[in-house]
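The structure under discussion appears below in the form of structure tokens.
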Amino acid sequence: MAPPQKSLDELSKSGQRQRRFQEREREAKKKKDDYVIYLETEFDVIVTDNCTLWERNEQLLAENSNLKIENETIHSRLVQTAAESKRAKLEVGELRKEFEHLQEELKKLRLQLDGNDEYFCKRLNKLKRHKKGTLE
Numbered sequence: 000m001a002p003p004q005k006s007l008d009e010l011s012k013s014g015q016r017q018r019r020f021q022e023r024e025r026e027a028k029k030k031k032d033d034y035v036i037y038l039e040t041e042f043d044v045i046v047t048d049n050c051t052l053w054e055r056n057e058q059l060l061a062e063n064s065n066l067k068i069e070n071e072t073i074h075s076r077l078v079q080t081a082a083e084s085k086r087a088k089l090e091v092g093e094l095r096k097e098f099e100h101l102q103e104e105l106k107k108l109r110l111q112l113d114g115n116d117e118y119f120c121k122r123l124n125k126l127k128r129h130k131k132g133t134l135e
């Protein structure tokens with residue numbers, strides 16, 4: 000038996016079906032390709048954003064490192080200044096004691112000078128009286 004023969008009408012319908020199927024397949028492939036391109040673009044954007052974030056992170060790490068160094072420098076200056084301040088306070092205390100000692104010395108010298116003044120005034124008066132007595 001021979002296979003049943005299709006009429007021309009049926010053949011043309013199946014050709015149309017085949018063409019429609021191929022057309023739909025092409026549209027689906029195009030949509031798929033467009034979607035793949037979209038995903039690749041999105042992926043590129045994400046990778047670029049990620050690289051940008053990594054670069055910014057590296058910058059921030061470098062800034063953080065610089066700030067730590069600056070902080071340590073300021074801290075060491077602060078410690079040094081505190082030590083200098085402490086030494087200065089000790090020096091001021093020593094100078095104050097020395098000043099008080101010198102004031103005491105000055106008082107003693109003034110008292111001695113006052114005593115010498117009295118002695119020399121008495122002596123001068125005696126000499127004046129003696130001179131007056133010799134002249135008369």
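Under numbering that gives the first Met the number 0, the first residue of the sequence shown is numbered 0, with each subsequent residue one higher. Heads up, the beta-carbon is just placed ideally off N, CA and C, and yes, glycines get one too. In this text, all values refer to a predicted model and were calculated from it rather than measured experimentally.
How many Å lie between tyrosine 37 and cysteine 50 at the Cα? For the purposes of this step, residue 37 is identified with residue 38 of the sequence shown, where counting begins at 1. For the purposes of this step, residue 50 is identified with residue 51 of the sequence shown, where counting begins at 1. Those two C-alpha atoms are separated by around 20 Å.
Nearest-angstrom Cα distance between phenylalanine 20 and threonine 40? Against the sequence shown, residue 20 aligns to sequence position 21. Against the sequence shown, residue 40 aligns to sequence position 41. Between the alpha carbons of phenylalanine 20 and threonine 40 lies a gap of roughly 30 Å.
Could you tell me the distance, in whole angstroms, from the CA atom of threonine 80 to the CA atom of leucine 59? For the purposes of this step, residue 80 is taken as the residue at position 81 of the sequence shown. For the purposes of this step, residue 59 is taken as the residue at position 60 of the sequence shown. Using only the alpha carbons, I get a separation of about 31 Å.
Roughly how many angstroms lie between the CA atoms of arginine 76 and glycine 114, to the nearest whole one? The count along the sequence shown starts at 1 and reaches residue 76 at position 77. The count along the sequence shown starts at 1 and reaches residue 114 at position 115. Using only the alpha carbons, I get a separation of about 56 Å.
Quick check: what's the CA-CA separation for aspartate 136 versus glutamate 26? In the structure as shown, the chain starts at 0 and stops at 135, and residue 136 therefore has no counterpart that could be examined.
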